[in-house]
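In my numbering, the protein residues as written are 10 to 473.
See below for the structure under consideration.
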Ligand code: 4AD
Ligand code: MG
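Here it is as structure tokens:
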């Protein structure tokens, strides 16, 4: 019986002296003068390829094997042998090779020499066949699975919050509109404005920027919940850290105040990193070749205790520093990426949790502090990436929430259901959101969010 195995399995020693069948995509073929060809095969299951030794005496050598080029898909049967070569435990002595799908060498864009990340962005449908994007895809998968394991093991219930919504969670007006109206010729009201009462939902609707408000509803009743789904922001900021479509993990915890919220966030982030270090060691070592401080940094994060610092103290550190910032520092400003990175990369050289931000720069749902001018917000900042997590204790007191909605000119009617949560059995509760892509950038050391999303959506880019 021939075992069907993956490249990852065949690279281990368990199958030595067994005949196996493998299927995958050819990375390279090299012909030697000694009567053998060498094929490097990858099937996505590991960073490493398996080397196939092909005797040129195989019956279909001239007709088939010679047309096996980079990118083609093949089936291989053969014996797994201990490899004499360095860097691989095993190799396959092919008894049979079939070409499944050919790949025109003259036009296949992936060459052995390696390509820039910028070039690979222009072939997002093929880039997963490179070492870098294969590794990102596997780590992304591990982080997702680890997320579910962490929250499930901690007694959280996974909630699917809606993608289409009428409420702007962050109150920042950066939403993509969803409509079924004929936008070339929309119905108009008496004043000539577009009449959304004729739209699909009878009112304006949007893609969600966050599942938080709905998660809060389930939290007040289920105790501990989390959502994990795509979120959308039409902020036209063409940076290396913002995408128009990104994935967010948002836990929401009842009977939980801000400092406990920070504990959850810190534990969760550390768990993601340690799972990746354990389970995707080969891929992380690959990224460590580009940035040799990566593994040390990640280990440092797992074993450190994150610095916890109030916004007010952070401002005074920034004001006292000799660093020249582009944006002027002063109490009340929204911290810019340069400020956040100074704190985490230069001043503390560690992840930092900033808390108690000015009420004027944070959304309506955050609990007002006794001082009346700050809210119980918390952001986690990490080196290279800056803000990786944003969260808060929620305003659970009815009057204060209504006041905050008014203060931010939000339509109380739209948020009435949300305010109800404060009318019936309200409890202190907290939560946070981790941007999955920011976590991946931190873990892999990749500097641009476009390279940790399979098919990134950014301004002027909705290909594939
Ligand atoms: O800080 P944000 O806007 O917080 C919220 O959305 C809250 N509703 C979360 C909560 O308390 N449940 O976003 C949370 C995180 C950020 O820290 C960042 O990691 C990521 O989401 N993020 C983005 N990631 C990629 N592209 C963007 N445009 C992002 N905007 C936010
Ligand atoms: Mg934020």
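Glycine included, each C-beta is placed from N, C-alpha and C at the ideal position.
Owing to the predicted nature of the structure, the values given are computational and were not obtained by experimental measurement.
Counting only residues of its own chain and dropping the five nearest sequence neighbours on each side, residue 133 has a CB closer than 6 Å to the CB of 464, 473. The closest heavy atom of the ligand 4AD lies less than 7 Å from the beta carbon of residue 178. Among the bridge pairs identified by DSSP, residue 82 is matched with 34, 110. The beta carbon of residue 213 lies closer than 6 Å to those of 205 in the same chain, with the five residues before and after it left out. Sequence-distant Cβ neighbours of residue 319 in its own chain, meaning closer than 7 Å and more than five residues away, are 364, 365.
Contact between residue 352 and residue 323 holds: CB atoms are separated by about 6 Å, below the 8 Å threshold. For the options 176, 59, 25, 13, the alpha carbon positioned closest to that of residue 374 is the one of 176.
Contact between residue 220 and residue 170 holds, since their C-beta atoms are separated by about 3 Å, short of 8 Å. Going by beta carbons, residue 30 and residue 47 fall outside the 8 Å limit.
Straight across, the Cα-Cα distance linking residue 74 with residue 44 is about 13 Å. Comparing C-alpha distances from residue 123 to each of 79, 102, 151 shows the shortest one belongs to 79.
Of the candidates 404, 305, 394, the residue whose Cα lies closest to the Cα of residue 384 is 404. Beta-bridge pairing by DSSP links residue 269 to no other residue. In the structure shown, residue 238 adopts extended strand secondary structure according to DSSP, grouped into three states.
The segment 158 to 165 and the segment 402 to 418 do not touch, with fewer than three beta-carbon pairs separated by less than 8 Å. Taking 8 Å as the cut-off, the Cβ atoms of residue 148 and residue 449 count as close. If you draw a straight line from the Cα of residue 102 to the Cα of residue 462, it comes to about 37 Å. The beta carbons of residue 99 and residue 19 sit about 6 Å from each other, so the pair counts as a contact at 8 Å. Here DSSP, grouped into helix, strand and coil, assigns residue 442 to strand. Pairing residue 434 with residue 274 gives a Cβ-Cβ distance that is not under 8 Å. In this structure, 41 is the residue among 191, 41, 83 with its C-alpha nearest to the C-alpha of residue 65. Residue state for residue 309 is assigned as helix, using DSSP reduced to three classes. Residue 59 is bridged by DSSP to 50.
Taking all protein chains in view, the Cβ of residue 10 is surrounded by fewer than 16 other Cβ atoms within 10 Å, so the residue is classified as exposed. Residue pairing by DSSP puts residue 103 in a beta bridge opposite 87. By the beta-carbon neighbour count (other beta carbons within 10 angstroms, threshold 16), residue 222 is buried.
Excluding its 5 nearest sequence neighbours in each direction, residue 382 has C-beta neighbours in its own chain below 7 Å: 367, 368, listed in chain order. Residue 338 is a Cβ neighbour of residue 328, given a cutoff of 8 Å. Counting C-beta atoms within 10 angstroms of its own C-beta, residue 336 has fewer than 16 neighbours from the protein chains shown and is therefore classed as exposed.
Burial check for residue 298: the Cβ neighbour count within 10 Å stays below 16, so the residue is exposed. Here residue 40 is bridged, per DSSP, to 46.
A Cβ-Cβ distance of about 6 Å is found for the pair residue 303 and residue 296, placing them in contact under the 8 Å criterion. Cβ atoms of residue 250 and residue 458 come within 8 Å of each other, at about 6 Å.
Assigned with DSSP and collapsed to three states, residue 146 falls in helix. Inclusion of residue 441 in the 7 Å shell around the ligand 4AD follows from its C-beta lying nearer than that to a non-hydrogen atom of the ligand. Taking the Cβ of residue 387 as the reference point, every heavy atom of the ligand 4AD lies at 7 Å or farther away.
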